[in-house]
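**Student:** Handing you a structure now.
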Amino acid sequence: MCMSVMTQEREALKGAVADYLDATFPIDKVHRIANGKEDVSAGEWTKAAQGLGLAGLVIPEEFGGQGASLGELGVVLQEFGRTLAPLPMLSSAALGTVPFLVCDNANVSKPYLEALAAGTATAALALSEAANQWPATINTTVATQNGDTWTVTGSKTFILDNGGADFYIVSASTPQGPGIFVVNSADVQRTDLNAMDLTRKQSSISFNNAKATALAVNAQSQLTQIQNLAATLVASEQLGGADAILKMMVEYAKMRVQFGRIIGSFQAIKHMCANTLVEVEQARGAAEDAADRAAQGEDITLSASLAKIACSEVFSDATLTNIRVHGGIGYTWEHPAHLYFRRARSTNALFGSPVQHREALLVGLGY
Amino acid sequence: MCMSVMTQEREALKGAVADYLDATFPIDKVHRIANGKEDVSAGEWTKAAQGLGLAGLVIPEEFGGQGASLGELGVVLQEFGRTLAPLPMLSSAALGTVPFLVCDNANVSKPYLEALAAGTATAALALSEAANQWPATINTTVATQNGDTWTVTGSKTFILDNGGADFYIVSASTPQGPGIFVVNSADVQRTDLNAMDLTRKQSSISFNNAKATALAVNAQSQLTQIQNLAATLVASEQLGGADAILKMMVEYAKMRVQFGRIIGSFQAIKHMCANTLVEVEQARGAAEDAADRAAQGEDITLSASLAKIACSEVFSDATLTNIRVHGGIGYTWEHPAHLYFRRARSTNALFGSPVQHREALLVGLGY
Amino acid sequence: MTTAIETPAELEEFRVKVRDWFSSNAQREDAQAGGEAGEVEAGETEDFLVVARNFQNKLYDSGLSGLAWPKEYGGQSLTMNHQRVFNEEASGYVMPSTPFMVTLGMCAPTILQYGTEEQRKRHIGPMLRGDEIWCQLFSEPGAGSDVAGLTTKAVRDGDEWVINGQKVWTSGAHYSNFGLIVTRTNPDVPKHKGITMFIVDMKAPGVTVRPLRQMSGASGFNEVFFDNVRLPATALVGEVDQGWTAAIGTLMNERVSIGAGGGGLGRGTGTVQFDRLAELATHTGAITDPVTRNELATIWVKERTLAILGDRMRASLKSGNAPGPEGSIAKLAGSELGSRVADMAMDLLAESGQAWTNDDEESLRWATNLLGSPGGAIAGGTPEIMRNILGERSLGLPKEPQLDRDMPFKEIRAN
Amino acid sequence: MTTAIETPAELEEFRVKVRDWFSSNAQREDAQAGGEAGEVEAGETEDFLVVARNFQNKLYDSGLSGLAWPKEYGGQSLTMNHQRVFNEEASGYVMPSTPFMVTLGMCAPTILQYGTEEQRKRHIGPMLRGDEIWCQLFSEPGAGSDVAGLTTKAVRDGDEWVINGQKVWTSGAHYSNFGLIVTRTNPDVPKHKGITMFIVDMKAPGVTVRPLRQMSGASGFNEVFFDNVRLPATALVGEVDQGWTAAIGTLMNERVSIGAGGGGLGRGTGTVQFDRLAELATHTGAITDPVTRNELATIWVKERTLAILGDRMRASLKSGNAPGPEGSIAKLAGSELGSRVADMAMDLLAESGQAWTNDDEESLRWATNLLGSPGGAIAGGTPEIMRNILGERSLGLPKEPQLDRDMPFKEIRAN
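Keeping their order, the protein sequence lines are chains H, S, V and R. Residue 1 is where the first sequence starts when you use UniProt numbering, and the numbers rise one by one after that. Residue 1 is where the second sequence starts when you use UniProt numbering, and the numbers rise one by one after that. Residue 1 is where the third sequence starts when you use UniProt numbering, and the numbers rise one by one after that. Residue 1 is where the fourth sequence starts when you use UniProt numbering, and the numbers rise one by one after that.
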């Protein structure tokens, strides 16, 4: 069951993306890629960009995109979360693209958006400088203006960049307040991080007097909006993962026999599944509500935190419960359960943990 | 099952007290007393004092008591917690008596201890002046010395005094530091509180230049010790209550039939009972460990907090679970389940809630 | 229910009518002290009953009751969209309609679907007008979660039926005119196959209603005893021995009704519980304590999530979908929230939550709230039953081995 | 086990001997970096195996292995009090004995109780000396929680038995000399009645051991395949088709063994996990945050409580009581603690717990700890099975309806 309230257009988009991902990235293949035994073919993202228009989903049509709303983006991210497909959908088409839209600076953004929409380049959002800061604080990164050009110096970490993006969107202090800049990968020093999530790479970057393009300066409100959107988008992806995990545990509970009975007939197992359903349906409401409000341009400060908390918690809980339902087989390396467990724990910490968002909520509520 | 590791003497004491309480205060009678439909006979406490020596259990033999240790007191309190017997065992024989032992001031204490041991008078511990302070802070109560005599002025609340004690043991500021005093009931203004716990009365008192006997001045360490002991003793009583509730839920689960099956055969019910067992056995270790350490004169700062946390939590959890196991009948007024639920919630807050003891623990551990 | 199509202009005209009606006949919510809690308590008093009945009479007489119900039985034969418009306009006004929840949410739909034409003509109009209040007589002391294990007997005696037995957890039995009762008419067949439903006049000789006091001190529920109560043949609802299907229908309506109006989903999409706790925390000073803030935010999250779930459920029902498992989800989430709210208030009040002076109404209110929370999780179906329903009906997991399903009822192990 | 009585002087003399032995032959715990975690990992390497075997050899040759085991089979025929003294003196020293846990804790007692005289004479001495390492071959892919659902077949062929099938979750299979295997010898009788136990030489033709990698990356468990493995008649342990009783005994020993040494109860009564987390919180600065402090104190409470439970369990066993349900309690509480510790570390590390640089060993260690925690709760019996055991054996609650108990094994529904 699924209590999503969706338009026909969204249903169709969801179905098309699901068909593509199921055919292209079945979980066995994702597992092999995670283990380094197989690669993602180089042109796959360009293909997804050209075929389904995924890379430019929310990019305006004038730049070659689909001009879809953040509501549609949320739906697509759910499918990526469900399949763990190792394409830069969240990292580039969502997190790497949204800042251009928020800053709304067509002159500057045009070449980037066109390349992103074509799927010929990818971008990554690089705001964090240290762990445990939400919203991300600009600790040391500074931008310096020389006439019409800018340079940035500093470092960023915990960047979802799918193993290396073409552009990095960084925040930096300027005399006019915090600014948002684009830096080319050629101008940064990139270091791979060891990631718990085997299906998505992370890195840190550092840059010294790197040439930068200013998307916005004196941009505190844009920075806040970008981070609220980031939390909302990650939540959509988490919801898709939690949904997949609910399905996985239910399927196993319907098939596995112990003591002469289908294990799903035991209350202990049945109630674990039911509790997960209760959590998933609540998280679905929270995630879709936030994405829809974002699409309608409402202030999503509270909704984003709500979605991130609800989806982080259900995804973590569900992936642990799923392993429990599976018993021994569930914690083997060969079983895909841990890929989702790892994704859940990783995204739990990224773009604000539940603890951080709870505090943000109370502040947002005026307490 | 019960994993208590007990000497034969303690087993015998426990058995004798259990027999007495089961005969004198079966739960139906306790329920009627709680509803004001029956009274505790006036001489019952004196009888318990003379027969089983309960009133003077930990009072040295020289004052007419049994000279038993705090370990034995803990065992007896478990039985009172199990039966909810409305006698001043915790309030007077434990909380009202321990301060005399801690202050160890035989000259002054003699007449009080003799009266307490005989069961002809009761005492009550009155340290709190406001909610949510652990250890209790002396906010406004002051003691003034005039030659050899003292007077106290102030107020105390949340006092377990079984509907009115003969002596109140109060803390008060003195120029030499905090002091511990005894005030006669005739010299205080007493107000009944409305209590959630229907089986034990509480009051607040105020006093203005009331004549007081000094048990100790400059007595910060004694005050601390008294409160650690109070937490430990309440924990023992809570453990007894939790034990009784585990038994109650298991008995019902073995007897009630739904869907053609004994409900205890359903995993949902079975696992609720098992989880309660796990919690009870852990709390038993914590409570008995603290009582034994207290009996051996060890520093119980950490153990007391541990016991109070573990016993408060299992008692609250178990009483709620018990109602759940019973279903509809469990939340009717006529069923005794709520008497224990009320006792659990009441003692949870008294002498330091789990939240307060957790903070105290970290401080005690040097963090 | 009718499926007529209405024009936008008709709807708009209707909206104006409803708006005017409410502004002249109802009180705004914020004007009423006490809020929801006060309302539920009020449901038990005679005074409130008079207020409620007058309100419902007026609604009916103005053509605003039973909007989507057939005209021939006293309804208005309007559409679900009219109902939606009505709900939108009613939002924010006090609706003293708790005494009619069981009548209109559970009994009337059952009579409409399973009753005789005579029963429909006789009862549905008065129900919609608030002149007849009904109760539901299903649960028994020995048949709680297992309703089909009921043992109250109905025996045919000539043209009449004779009822003996006991029901329990009957809301509103003490002020109801009629009750919908399920009885055992054949113990020689499997449990679900020997159950028959009747309409019983609650004032009939042999019916005794005794209030059942709950641990919180409230007594909205009753025990009802049947001692040789004689019913006419016309009291039969549906077929003899086929009453289980109708009973299931009634229970599903209950869950929707609890979900939509009472149990979990509340009426508004506000965060009432959070607001009250935040006020309490501000008052005690704990609002600056991070542990308190963390828990407070969790309560906001759970309350908002439940509100969103309610919106989605209403949206789904409005688009014509059959009621799904949302009722069970809302009931589980709602009772967990209720328990968490009760606990948090106790943490904030500390000792004052368990002993208070006569003038301390805040402590009394929260203590009463705590004592009501265990029952709130159980009434209308335990969490375990809700999880079984979700596991089996929504997720398709297999049932437990059912030892009692196919054996004659009289051979089933019982209490 | 012998029940001889010893004099205090004898005990004291023994204590001195043990003390001297440890001070000259063993390393103190605090001298070893890495602590328990390092030790468990080390259990998987060849090097550690050599160290462990040498240590056990020396213990045995000094008369300090198998203290309470009969002399005729290589033990010392001393008393449980000697064992207690030994434990007291050993405390604080590194005991590299993980590879012998299954051998001495589960297999040796089973052979002593159910084996033939020849088997006891042949194997127990070498087991006590560390010359033979054994593993336990019970679980199968289709028989996890339901061990008695096993399908590995043993078929008699003349004087020999031929084994075919697969076992899984076998700790130490890759370095074991022998295994204790349970097999299906009669599928025509109920499941518990057609099971037979054998000793299998792990180097026999047809035995294939394949390491099983866990989600954390560790691989202490194995899959073991049996392809027409031939066993002599002398490999039979107990009676044909009567192996379930012996298997139950082995499993109960496992639980005691996990409880006492590995799973929940640890060896010390310290608060190792708390200390590590408090250090981490001090390091991140979160130690001043009340939410962190509250959770940290909860972990101290749970860890201390478990330690007290362990002390009481040991005290109870020492006073001669049979092992009770403490093993299951400790396993449940221990795995809950483990999971809570893992979660808290992640909260403290925030983003660093999920992505870290090569030089950040702290993050790596806690991330690995998190990934090990789900398996820790399942290995040796799931929480659900532990709760069934506690509910049924300790509290006396009735079993589920057992559809498979009395039907012939081959007719039972299986995977």
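The beta-carbon is built from N, C-alpha and C at its ideal position, and this holds for glycine as well. Model, not experiment: these values are computed from the prediction.
Less than 8 Å between the CB atoms is what I'm expecting for V:M344 and V:E295, so what's the real figure, rounded?
**Tutor:** Indeed, because the Cβ distance is near 6 Å, the residues count as touching under 8 Å.
**Student:** For S:G352, which of S:F341, S:P135, S:G366 and S:T199 has the nearest alpha-carbon?
**Tutor:** With distances taken between Cα atoms, S:G352 lies closest to S:P135.
**Student:** Just to confirm, are H:A244 and H:G74 a CB contact at a threshold of 7 Å?
**Tutor:** Going by C-beta atoms, H:A244 is not nearer than 7 Å to H:G74.
**Student:** What would DSSP say about V:Q136, mapped onto helix, strand or coil?
**Tutor:** Strand, per DSSP.
**Student:** Let's see if you can read the secondary structure: which residues bound the beta strand (DSSP E) around S:S203?
**Tutor:** That run of the beta strand (DSSP E) goes Q202 to A216.
**Student:** On the three-pair Cβ rule with 8 Å, is the stretch 324 to 342 of chain H touching the stretch 244 to 261 of chain H?
**Tutor:** Touching, yes, given that three or more Cβ pairs across the two stretches are closer than 8 Å.
**Student:** Taking only the alpha-carbon atoms, compute the straight-line gap between R:R156 and R:P190 and give it to the nearest angstrom.
**Tutor:** Cα-Cα distance, rounded: 20 Å.
**Student:** So the alpha helix (DSSP H) residue 370 of chain H belongs to, where does it begin and stop?
**Tutor:** Outside the modelled stretch of chain H, which goes from 1 to 367, sits residue 370 of chain H, for which no answer is possible.
**Student:** Quick check: the stretch 279 to 286 of chain R against the stretch 305 to 314 of chain R, are at least 3 beta-carbon pairs closer than 8 Å?
**Tutor:** The stretch 305 to 314 of chain R is not in contact with the stretch 279 to 286 of chain R.
**Student:** Would you list the residues sitting across from V:P408 in a DSSP beta bridge?
**Tutor:** V:P408 pairs with V:P190.
**Student:** What is the rounded straight-line gap between the Cα of H:F167 and the Cα of H:K110?
**Tutor:** Rounded to whole angstroms, H:F167 to H:K110 spans 14 Å at the Cα level.
**Student:** Considering only the beta carbon of each residue, do H:Q117 and H:G65 sit closer than 7 Å?
**Tutor:** For the sequence presented, residue 117 of chain H should be read as Ala rather than Gln. Closer than 7 Å, so yes.
**Student:** Compare the Cα-Cα distances from V:G338 to each of V:S373, V:G327, V:N358 and V:D347 and report the closest residue.
**Tutor:** Checked all of V:S373, V:G327, V:N358 and V:D347; the closest Cα to V:G338 is V:S373.
**Student:** Here's the rule: buried if 16 or more other CB atoms are within 10 angstroms of the residue's CB, otherwise exposed. What is V:E12?
**Tutor:** Exposed, by the Cβ-count rule.
**Student:** In this structure, does DSSP put V:E362 in helix, strand or coil?
**Tutor:** It is helical.
**Student:** Can you check which of these residues, H:Y112, H:L277, H:A283 and H:T213, is closest to H:Q238 by C-alpha distance?
**Tutor:** Of the listed residues, the one whose Cα sits closest to H:Q238 is H:A283.
**Student:** Chain C beta carbons: is any one of them nearer than 7 Å to that of R:G334?
**Tutor:** Of the protein chains in this structure, namely H, S, V and R, none is chain C.
**Student:** Which partner residues of R:M197 appear in the DSSP bridge assignment?
**Tutor:** R:M197 pairs with R:V182 and R:V237.
**Student:** Helix, strand or coil: how does DSSP classify S:G96 here?
**Tutor:** If DSSP states are grouped into helix, strand and coil, S:G96 belongs with coil.
**Student:** Pull the bridge partners of V:Y175 from the DSSP assignment, please.
**Tutor:** DSSP output for V:Y175 lists no bridge partner at all.
**Student:** Please classify H:G260 as buried or exposed, where buried requires at least 16 neighbouring CB atoms within 10 angstroms.
**Tutor:** H:G260 should be labelled buried.
**Student:** What does R:I412 reach in chain H if we use C-beta pairs closer than 8 Å?
**Tutor:** Under the 8 Å cutoff, chain H gives G260.
**Student:** Quick one: Cα of S:L362 to Cα of R:A297, how far?
**Tutor:** In a straight line, the C-alpha of S:L362 is about 6 Å away from that of R:A297.
**Student:** Name the DSSP bridge partner or partners of R:K167?
**Tutor:** Answer is R:V224.
**Student:** Just grab the DSSP bridge partners of S:S171 for me.
**Tutor:** In the DSSP output, where bridge partners are listed per residue, S:S171 has S:I180.
**Student:** Check distances from the C-beta atoms of the stretch 186 to 198 of chain S to those of chain V and list, in chain order, the residues that come in under 8 Å.
**Tutor:** So the close ones are T191, L193, N194, A195, M196 and D197.
**Student:** Take H:K211 and list the residues in its own chain whose beta-carbon comes closer than 8 Å to its own, dropping the five residues that flank it on each side.
**Tutor:** Closer than 8 Å at the Cβ level, and outside the excluded window around H:K211, lie T149, W150, T151, V183, N184 and D187.
**Student:** Looking at chain H, which residues of the stretch 287 to 309 of chain V have a Cβ within less than 7 Å of any of its Cβ atoms?
**Tutor:** For the stretch 287 to 309 of chain V, which is checked against every Cβ of chain H, the residues closer than 7 Å are I287, R293, N294, L296, A297, T298, W300, V301, R304, T305, I308 and L309.
**Student:** Can you list the residues of chain H that R:T382 reaches, using a CB-CB cut of under 8 Å?
**Tutor:** Under the 8 Å cutoff, chain H gives R324 and G327.
**Student:** Given a limit of 9 Å on CB to CB distance, which residues of the stretch 65 to 95 of chain S reach chain R?
**Tutor:** Hits within the stretch: zero.
**Student:** Among the residues of its own chain, which have a CB less than 8 Å from the CB of H:D22, if the five just before and after it don't count?
**Tutor:** Result list for H:D22: T83, in chain order.
**Student:** Do we get a CB-CB distance below 7 Å when we pair R:P205 with the residues of chain V?
**Tutor:** So, not an interface residue.
**Student:** Contact criterion: CB-CB distance below 7 Å. Does R:E400 meet it with respect to chain S?
**Tutor:** Judged by the 7 Å Cβ criterion, R:E400 is in contact with chain S.
**Student:** Is the CB of V:L397 under 7 Å away from at least one CB in chain R?
**Tutor:** Taking Cβ atoms only, chain R never reaches closer than 7 Å to V:L397, which makes this a no.
**Student:** For chain R, check one thing: does any of its Cβ atoms lie closer than 7 Å to the Cβ of V:L59?
**Tutor:** For V:L59, the answer is no, since every Cβ of chain R falls outside 7 Å of its Cβ.
**Student:** Residues of chain V with CB under 8 Å from R:L403, in chain order?
**Tutor:** Per Cβ cutoff of 8 Å: P401.
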